[in-house]
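Visitor:
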Amino acid sequence: MPETISLEVLRYSPERDAEPSFQRYDVPLHKDWVVLDALNYIKDKVDGSLTFRWSCRMGICGSCGMMVNGEPKLTCATFLSNYAKENKPVRVQPLRYFPVIRDLVVEVTDFMTKLQSVKPWLIRGDGKPISEGEYLQTPEQLDRYKQFSMCINCMLCYAACPVYGLDPVFIGPAAIALAQRYNMDSRDEGAHERMDVLAQHEGIWGCTFVGECTKVCPKHVDPAGAIQQYKLTATIERFKSFLMPWAAK
Amino acid sequence: MDISYHDVLLVGGGGAGLRAAIAAAETNPNLSVAVVSKVYPMRSHTVSAEGGAAGVIKPGDTLDDHAYDTISGGDWLCDQDAVEIFVKEAPEELLRLEHWGCPWSRDPDGRIAVRAFGGMKKMRTWFADDKTGFHLLHTLFQTTLKYNAVTRYDEWFVTRLLVDEGRVQGVVALQLMSGRIQAITAKSVILCTGGCGRVFPFTTNASIKTGDGMALAFQAGTPLKDMEFVQYHPTGLPFTGILITEAARAEGGHLINKNGYRYLQDYNLGTPTPQPVLRNMELGPRDRLSQAFVKEVEKGHTTDTPYGPVVHLDLRHLGEKVINTRLPFVRELCLKYENIDPIKELIPVRPVIHYMMGGVHTDNNGATPLAGLYAAGEVACVSINGANRLGSNSLPELLVFGARAGRAAALAAMEQRTPSEHAISQAQDEKARLEEQFLRKTAGRERVATIRSEMHQAMESGAGIYRNQTSLENAADKLRELRERFRDIGLDDHSLTFNTELLAALELSFMLDVGSAIVESALHRTESRGAHQRTDFAGRDDQNFLAHTLIFRNPDGRIRLEKAPVVITRWPPAERVYGVKPDVKEVAAR
Chain X
1 MPETISLEVL RYSPERDAEP SFQRYDVPLH KDWVVLDALN YIKDKVDGSL TFRWSCRMGI
61 CGSCGMMVNG EPKLTCATFL SNYAKENKPV RVQPLRYFPV IRDLVVEVTD FMTKLQSVKP
121 WLIRGDGKPI SEGEYLQTPE QLDRYKQFSM CINCMLCYAA CPVYGLDPVF IGPAAIALAQ
181 RYNMDSRDEG AHERMDVLAQ HEGIWGCTFV GECTKVCPKH VDPAGAIQQY KLTATIERFK
241 SFLMPWAAK
Chain B
250 MDISYHDVLL VGGGGAGLRA AIAAAETNPN LSVAVVSKVY PMRSHTVSAE GGAAGVIKPG
310 DTLDDHAYDT ISGGDWLCDQ DAVEIFVKEA PEELLRLEHW GCPWSRDPDG RIAVRAFGGM
370 KKMRTWFADD KTGFHLLHTL FQTTLKYNAV TRYDEWFVTR LLVDEGRVQG VVALQLMSGR
430 IQAITAKSVI LCTGGCGRVF PFTTNASIKT GDGMALAFQA GTPLKDMEFV QYHPTGLPFT
490 GILITEAARA EGGHLINKNG YRYLQDYNLG TPTPQPVLRN MELGPRDRLS QAFVKEVEKG
550 HTTDTPYGPV VHLDLRHLGE KVINTRLPFV RELCLKYENI DPIKELIPVR PVIHYMMGGV
610 HTDNNGATPL AGLYAAGEVA CVSINGANRL GSNSLPELLV FGARAGRAAA LAAMEQRTPS
670 EHAISQAQDE KARLEEQFLR KTAGRERVAT IRSEMHQAME SGAGIYRNQT SLENAADKLR
730 ELRERFRDIG LDDHSLTFNT ELLAALELSF MLDVGSAIVE SALHRTESRG AHQRTDFAGR
790 DDQNFLAHTL IFRNPDGRIR LEKAPVVITR WPPAERVYGV KPDVKEVAAR
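Residue numbers (my numbering), protein chains in the order written: chain X, 1 to 249; chain B, 250 to 839.
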């Protein structure tokens, strides 16, 4: 294994640059180092102005998603040594399809709005008091939605989604998976309310089930599966309201 | 200068902050509640908590049992009135989370499942696999989204508290995206910024855990309490410091030294049993397990690695099914970050800085001595944790006391008040200071990373698992030098847009203050208790130190230390006994 490795990092400062450009850095290549360690090395030792987000360094906070050699990755979970053999600089860029604020930091507001729009909270009419204890839920019922509850909001699936790339209005994989997380929860009664929200987004029908979102998900959530589930339910609901208007809702 | 006005303001958007925000909004829906967080709330460090949350819910368990475990675990430094409140309200809060959708793991009949945890004599730890903090935080965050009264300031960093007329009136905050610096005023301010693990080099804590709220309170003259009590978790992965949850031992994992020997039996922690026994061996408390590690190093029984000595956690005998269903995150972390499969291999571990028992001095409603200022969660010291926190008490703590602080702050905020002119002029001074000291200054010679790294060395060598007067005085001297050198800090980055180097510098200045508070408090306590072990003062000294340490910073910058009484209600101080017979009557000691 060579002693150093080169990184080409996208730099962009709205106060200074008309266009983004790549800057090259050489960093030590340690077996244990991930791409994020290299970025921190640069920030600490070489150039304090390099700008990126990170926090937990254990793949759970969802902050450090970036494009590494063109693929969306959590940089805390991507070893540098994986790229050592390629003999060319490792390219690090901000997550694709998001507006860039500076260097590797992208704008998140739109994503946050989309998450909120699907009403990602438990909706229930009865309002059972706490003193009556828990809502029962068997392990099998839990398993029906659990996978969709594992999303860490890292947005890698948006950076992988060709539909989102073409149509930024598309509500996107993580938000739909989150809606399904509550829809499939045996304690929830809000599926119809969420259906109304999702149905406004024609983009969902544009999803061609290429499944890129599921492939890049670091937590094995299956957003593509959620979208297909949703399409099926929405189609049935649509037919129901057409054929039996009294039966829908 | 821009000024925004709210009634209740949360600094920090992790578990405590979001629980407090909901409590405030529910107490009075007409109040304007704001959450200021330096990260998007779901990135907060609560997300990393793994093992679970303790709350009495099963037949055969009692509130008194939970209280006793907590108090003895804390080496009798807990305030027992606070502990009684805590154990009573913890199950209610955990159930509320369930009603909000938290995916708690279940028994086959659909009821909440519980698991064993270190230092607990009954099984009472609720869990959501081994990602409990993640699910708890996301449930809270998603639930807050339905409250329109809650305004979020995401990626804003609070640089100081505005204090005038003897009460807190708001904060000055920097918006990362734009570099805008402004006053955010409020009638009540609740600090919920979490711990300060990043003061040390080797920690499970995320990069954001820089003690901001502790430093903000300290600088405003509010005392910090019991800062000498810093928890080492016995099982962190070397190099990364990633936590391997105590649940791994609760499920039956063994700690072994280089000879394959379960060394804890040599340290008054009981005898090995085939099945895990509560309060025995690997299920002893964290302070005692971390101290046993140091003794093993001294005996030469540990294995050397490039990142220092390690022992090993053995999960192999649990088998693939248990590991995959009960500890999936442990396996994922080992595979992804250490390239080890715990089904087949031993996991190298060493003690790692994990949690701050001390923090901002509060009463049982989160109120600090400064009017209008509250604190809850790890940033605060109520104290229910005493000299050593038990695993799975921190998540219910942030819920119980987050909710209490939120309600108290909301009631206090109903009085009509407007921020004073002097408070606003303080905000203008602060803006000028930030521009002058950091953004416009080009001559500084010191680098953030250099001072930070020297601080790490000073804290680790001076105030680690074992301390003494010399080591602490050396650390204190070094920190004084570093605070002096910090004045000559120079940034590469003078941009207003997302200036993370400025952020790192501000965090470093906070950490230097918090580090000093830890060291000075540790010097003051000349006894050994829980996580504070002095080689020059072995043994607990209830005569002189059954008391909290309060550390103040006077307006002239000088440090003042005081003692405050510990509240004892029903459990007089006794010896801490761990080992195979946990029901043995614990004899009154001393």
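Glycine included, C-beta positions come from ideal geometry on N, C-alpha and C.
(1) Helix, strand or coil for B:R656? Go by DSSP, reduced to three states.
(2) Any Cβ of chain B within less than 8 Å of the Cβ of X:P223?
(3) Jot down the residue ranges of each uninterrupted beta strand (DSSP E) in the segment 579 to 633 of chain B, minimum 3 residues, whole runs only, in chain order.
(4) Cutting at 7 Å between CB atoms, please list the residues of its own chain near X:K249, excluding the five before and the five after it.
(5) Looking only at its own chain, which residues have a Cβ that is under 7 Å from the Cβ of B:V546, when we skip the five neighbours before and after it?
(6) Have a look at the DSSP bridge pairing and note the partners of B:L411.
(7) Quick test of your reading: B:G300 and B:F801, contact by CB under 8 Å. State the CB separation rounded to the nearest angstrom.
(8) Helix, strand or coil: which one does DSSP assign to B:S702?
(9) Tell me the DSSP bridge mates of X:M66?
(10) Ignore the nearest five residues each way along the sequence and tell me which others in B:A838's own chain have a CB closer than 6 Å to its CB.
(11) Mind listing which residues of the segment 349 to 374 of chain B have their C-beta closer than 7 Å to chain X's C-betas, in chain order?
(12) How about B:G608 and B:C327: do their beta carbons lie closer than 8 Å?
(13) Does the segment 220 to 230 of chain X come close enough to the segment 167 to 179 of chain X to have 3 or more Cβ pairs within less than 8 Å?
(14) Would you check if there are 3 or more beta carbon pairs closer than 8 Å linking the segment 311 to 320 of chain B to the segment 329 to 337 of chain B?
(15) Can you pull out the residues from the segment 81 to 105 of chain X whose beta carbon lies closer than 7 Å to at least one beta carbon of chain B?
(16) Leaving out five residues on either side along the sequence, give the residues of the same chain with a beta carbon under 7 Å from the beta carbon of B:H482.
(17) How about B:A464 and B:D762: do their beta carbons lie closer than 8 Å?
(18) Against chain X, with Cβ distances strictly below 8 Å, would B:F747 count as a contact?
(19) Compare the beta carbon distance of B:W405 and B:A432 with 8 Å and say whether it is the shorter of the two.
(20) Can you give me the Cβ contacts of B:G322 inside the same chain, cut-off strictly under 7 Å, excluding the 5 residues immediately before and after it?
(21) With a Cβ-Cβ cutoff of 8 Å, do B:D475 and B:H797 count as a contact?
(22) Can you say whether X:M113 is buried or exposed, counting buried as having 16 or more other CB atoms within 10 angstroms of its CB?
(23) Would a check of beta-carbon distances place B:R541 closer than 8 Å to chain X?
(24) Closer than 9 Å, Cβ to Cβ, to anything on chain C: give me those residues from the segment 264 to 297 of chain B, in chain order.
(25) Determine, using beta carbons only, whether B:I252 and B:I673 come nearer to each other than 8 Å.
(26) Can you tell me whether B:M250 is buried or exposed? The criterion is at least 16 other CB atoms within 10 Å of its CB, across all chains shown.
(27) Per DSSP, what kind of secondary structure is B:E375 in: helix, strand or coil?
(28) Measure the C-alpha to C-alpha separation of B:D256 and B:A654 and round it to an integer number of angstroms.
(29) Whose CA, out of X:I60, X:V108, X:R57, lies closest to the CA of X:L95?
(30) Using 10 angstroms around the beta-carbon of X:F250, count the other beta-carbons present and answer buried if the total reaches 16, otherwise exposed.
(31) If we call anything under 8 Å between Cβ atoms a contact, is B:H705 one with B:K458?
(32) Going by DSSP, name the residue or residues bridged to X:H220.
(33) Using DSSP's beta-bridge definition, name the partner residues of B:Y715.
(34) Could you please tell me which residues of the segment 322 to 342 of chain B, in chain order, have their CB closer than 7 Å to any CB of chain X?
(35) Determine the burial state of B:S702: buried for a count of at least 16 other Cβ atoms within 10 Å of its Cβ, exposed for fewer.
(36) Nearest-angstrom Cα distance between B:M372 and B:A362?
Guide: For this structure:
(1) Here B:R656 sits in helix by DSSP.
(2) Chain B contact via Cβ: absent.
(3) Counting only runs of 3+ residues, the beta strand (DSSP E) found wholly inside the segment 579 to 633 of chain B occupies 596 to 605, 608 to 610, 622 to 624, in chain order.
(4) Residue placement at X:K249 is flagged as unreliable, the pLDDT there being 43, under the threshold of 50; the coordinate-derived value follows with that caveat. Here X:K249 has H192 as same chain residues with Cβ atoms under 7 Å from its own Cβ, once five neighbours each way along the sequence are excluded.
(5) Cβ within range, chain order: P558.
(6) By DSSP's assignment, B:L411 forms a beta bridge with B:G419.
(7) Between B:G300 and B:F801, the beta carbon gap of about 35 Å keeps them out of contact (Cβ cut-off 8 Å).
(8) Helix at B:S702.
(9) Paired residue(s): X:K73.
(10) Because the pLDDT of B:A838 is 36, which lies under 50, any placement of that residue in the model is unreliable, and the number read from its coordinates should be weighed accordingly. The beta carbon of B:A838 lies closer than 6 Å to those of A823, E824 in the same chain, with the five residues before and after it left out.
(11) Against chain X - using a Cβ distance shorter than 7 Å - the residues of the segment 349 to 374 of chain B are W349, G350, P352, R355, P357, G359, R360, I361.
(12) Cβ distance not < 8 Å, so B:G608 and B:C327 don't count as in contact.
(13) Yes, they touch.
(14) Three or more Cβ pairs closer than 8 Å define a contact, and the segment 311 to 320 of chain B meets that threshold against the segment 329 to 337 of chain B.
(15) Those would be I101, R102, V105, in chain order.
(16) Hits under 7 Å: T453, L492, R535, P600, V601, H603.
(17) If you check the CB distance, B:A464 and B:D762 come in under 8 Å.
(18) Taking 8 Å as the threshold, the shortest C-beta distance from B:F747 to chain X falls below it.
(19) In this structure, B:A432 does not lie closer than 8 Å to B:W405 by Cβ.
(20) Apart from the 5 residues on each side of it in sequence, B:G322 sits with its Cβ closer than 7 Å to the Cβ of G368, P534, N637, L639 in its chain, given in chain order.
(21) In terms of Cβ geometry, B:D475 and B:H797 form a close pair [threshold 8 Å].
(22) Looking at the sequence provided, one finds Thr at residue 113 of chain X rather than Met. By the neighbour-count criterion, in which 16 or more other beta carbons inside 10 Å mark a residue as buried, X:T113 falls on the exposed side.
(23) According to the sequence provided, residue 541 of chain B is Ala. The question's Arg does not apply to it. No, B:A541 does not count as interfacial toward chain X.
(24) This model lacks chain C altogether; the protein chains it does include are X and B.
(25) Contact flag set, yes.
(26) The residue in question, B:M250, is exposed, as its Cβ has fewer than 16 Cβ neighbours within 10 Å.
(27) According to the sequence shown, residue 375 of chain B is Trp rather than Glu. Strand at B:W375.
(28) For B:D256 and B:A654, the distance between alpha carbons rounds to 14 Å.
(29) Of the listed residues, the one whose Cα sits closest to X:L95 is X:V108.
(30) Since the first residue of chain X shown is 1 and the last is 249, residue 250 of chain X is not available in this structure.
(31) With respect to the 8 Å criterion, B:H705 and B:K458 are not classified as neighbours on the basis of their beta carbons.
(32) X:H220 is not bridged to any residue.
(33) For B:Y715, the beta-bridge partners assigned by DSSP are B:Q782.
(34) Only E341 from the segment 322 to 342 of chain B bring a Cβ to less than 7 Å from some Cβ of chain X.
(35) Taking every protein chain shown into account, the CB of B:S702 has fewer than 16 other CB atoms within 10 angstroms, so this residue is exposed.
(36) A direct Cα-Cα distance of roughly 9 Å separates B:M372 from B:A362.
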